[in-house]
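Quick notes on the structure that follows.
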Amino acid sequence: MAIVSSGAGRGGLQPPPRPPAKPAGRLVDPAAQAFEEGEAEAPLPNREDSLRPRRLADYIGQRELKEVLGIAVEATRNRGEALDHVLLYGPPGLGKTTMALVIAEELGVRCRITSAPALERPRDIVGLLINLQPHELLFIDEIHRLNRVAEELLYPAMEDFRLDLTVGRGSTARTRSVPVAPFTLVGATTRAGLLSSPLRDRFGLIQRLEFYDLADLQAIVERAAGLLSLELEAAAAAEVARRCRGTPRIANRLLRRVRDVASVRGEPRIGPALVAEALSLHRVDDRGLDASDRRLLELLLTGYGGGPVGLDTLAAGLGEDPITLETVVEPYLLQLGFLLRTPRGRVATAAARVHLGWPEPEAA
């Protein structure tokens with residue numbers, strides 16, 4: 003949620019009355035994570051728009067991460083302290099935000115959620131930190147995008163639970179230290195290498211989230227189907243799991259698209275044939291490749307004989323941003339072994355040719 007500051011009216015006109023300001027960032031209370039403002043209270047499993055697990059025991063996959071965090075959480079509870087700061091990194095959609103909410107639930111504290119691009123001005127991060135209650139979690143998504151001023155304000159807050167603020171200007175400027183409550187910063191990033199060393203070194207727990215295996219993904223799909231009150235065959239759950247690129251977020255999204263087709267067709271029970279039909283409408287094939295993936299591989303094969311081709315050349319040919327190709331499209335193709343990154347550029351592999359039905363190139 004972006005943090006928006008109020009401004010003065012223009013041209014002498016009085017602006018309309020504004021509702022009371024909400025707290026900076028998104029505030030999540032473990033006792034009320036299932037509720038939205040203005041809605042009747044209901045348990046989380048009855049909310050179709052939330053398929054997140056709430057406890058470590060319900061979190062499927064990431065076994066090493068769960069073990070490490072489980073020990074840290076239990077030790078923290080025994081000591082009555084704030085949990086060490088946590089950095090979670092890895093590809094998008096693997097559950098970094100969900101894990102932050104699970105940690106808050108396990109500790110019985112609130113989690114305030116924001117993102118680095120929303121913390122544009124010093125007062126944004128200062129307001130968040132000053133309003134934290136003891137042992138609360140502050141979750142900052144895309145933490146690698148923090149600007150320098152916000153990052154430097156975090157240093158003493160993370161180490162000594164204080165803010166060092168400069169008051170006044172010029173010769174009258176002075177530094178004032180303001181204490182903040184002991185808290186836990188949970189940072190999430192898809193690009194851990196872009197974090198500065200001073201920031202990275204202040205995290206006590208640094209953990210990578212890995213892609214999920216097929217068995218875990220099938221279990222995630224089956225759990226989500228139960229929450230959505232869908233009658234899903236085991237083979238259908240496996241079919242969704244095969245097509246979700248190793249990512250729970252995509253698995254849940256694909257399951258909802260299958261639900262749409264089943265609802266329109268009046269199908270009370272979802273089998274693998276219906277899954278294949280529904281996902282083919284969205285151009286997702288049996289290995290999880292979508293239209294963007296196939297466009298990249300087909301351009302490599304048709305335009306450049308399979309490569310090697312530079313990233314910028316590919317991006318220009320596809321009309322895409324190079325960063326989007328590198329961070330969104332390529333990782334899954336690399337994971338499948340359909341693409342290689344070489345010093346001379348990108349190369350489509352023999353496995354990619356087989357999958358797309360392309361013949362092997364003739365020997366020179």
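Counting from 3, one number per residue, gives the positions in the sequence shown under this note's numbering.
We treat Cβ as the ideally placed atom computed from N, Cα and C, and that holds for glycine.
query: Should V104 and L140 be called a contact, given that it needs their Cβ atoms to be closer than 8 Å?
result: Taking 8 Å as the Cβ cut-off, V104 and L140 do not qualify as a contacting pair.
Option nearest L368 by Cα separation, candidates R147, P270, R343: For the chain, the structure presents residues 3 to 366; residue 368 sits outside this window and is missing.
query: Given E300, which residues of its chain have a CB within under 8 Å of its CB, disregarding the five upstream and five downstream residues?
result: L358
message: Quick check on the burial criterion: 16 or more other C-beta atoms within 10 angstroms. Buried or exposed for Q1?
response: Nothing can be reported for residue 1: it is not among the residues displayed for the chain, which extend from 3 to 366.
task: Return yes when the Cβ of L165 is within less than 8 Å of the Cβ of P158, no when it is not.
output: yes
- request: Determine the direct distance from the alpha carbon of V311 to that of E41, and round the result to whole angstroms.
  value: Bear in mind that a pLDDT of 34 at E41, under 50, signals an unreliable position, so the number given afterwards is only what the model happens to contain. E41 and V311: Cα-Cα distance of roughly 53 Å.
field: Distance between beta carbons of G290 and R244, contact taken as under 8 Å
entry: That belief holds up - the Cβ atoms of R244 and G290 are roughly 7 Å apart, short of 8 Å.
message: What does DSSP give as the partner residue(s) for F141 in the beta ladder?
response: I115, V188
Limits of the unbroken beta strand (DSSP E) element including T177: 176-181
query: Just the Cα atoms here: how many angstroms apart are G63 and E108?
result: 17 Å
message: Only counting the same chain, and skipping five residues up and downstream in sequence, which positions put a Cβ closer than 8 Å to that of E328?
response: L313
- request: Can you tell me which of the three DSSP states R255 falls into?
  value: helix
query: Among residues of its own chain, excluding the 5 on either side of G206, which ones have a beta-carbon nearer than 6 Å to its beta-carbon?
result: Beyond the five residues adjoining it in sequence on each side, G206 comes within less than 6 Å, by CB distance, of D86, H87 in the same chain, given in chain order.
field: The beta strand (DSSP E) enclosing L89, as first and last residue numbers
entry: 88-91
query: To which residues of the same chain is G339 closer than 7 Å at the C-beta, ignoring the five residues directly before and after it?
result: T351, A353
field: For A317 and V331, the rounded distance between their alpha carbons
entry: 11 Å
- request: Report the residue ranges of all alpha helix (DSSP H) runs contained in full by the region 210-270; include only those spanning at least 4 residues, in chain order.
  value: 216-229, 236-244, 250-267
message: So, at 7 Å on beta carbons, what are the nonlocal neighbours of N254 in its own chain, with the 5 sequence-adjacent residues on each side left out?
response: L53, A226
field: Supposed close pair L335, D295 - CB separation, criterion 8 Å
entry: 6 Å
message: Going by DSSP, what residue range makes up the beta strand (DSSP E) through R348?
response: Run containing R348: 347-350, per the beta strand (DSSP E) assignment.
- prompt: Considering only residues of the same chain and omitting the five flanking positions on each side of I272, which have a CB-CB separation below 7 Å?
  reply: The beta carbon of I272 lies closer than 7 Å to those of L232, E233, L234, E235, A238, V260, A264 in the same chain, with the five residues before and after it left out.
Cβ-Cβ distance between I145 and T192 below 8 Å: no
- request: Look at the Cβ atom of S199, then the Cβ atom of E153, and state whether they are nearer than 8 Å.
  value: no
- request: Output the residue ranges of the alpha helix (DSSP H) runs that lie fully inside the region 51-95 and measure 4 residues or longer, sorted by chain position.
  value: 65-81
message: Which residues does DSSP list as the beta-bridge partners of V104?
response: For V104, DSSP records no beta bridge to any residue.
G347 versus P324, R79, V356, residue with shortest Cα-Cα distance: P324
message: Classify V356: buried if its beta carbon has 16 or more other beta carbons within 10 angstroms, exposed otherwise.
response: exposed
query: Roughly how many whole angstroms lie between the Cα atoms of P94 and Y214?
result: 12 Å
- prompt: Per DSSP, V151 is paired with what?
  reply: The partner list for V151 (beta bridge, DSSP) is empty, contrary to what the question assumes.
query: Is the Cβ-Cβ distance between L131 and V182 less than 8 Å?
result: yes
field: Where S282 falls, given that 16 or more other Cβ within 10 Å makes a residue buried
entry: exposed
task: Could you check what DSSP says for V311 in three-state terms: helix, strand or coil?
output: strand
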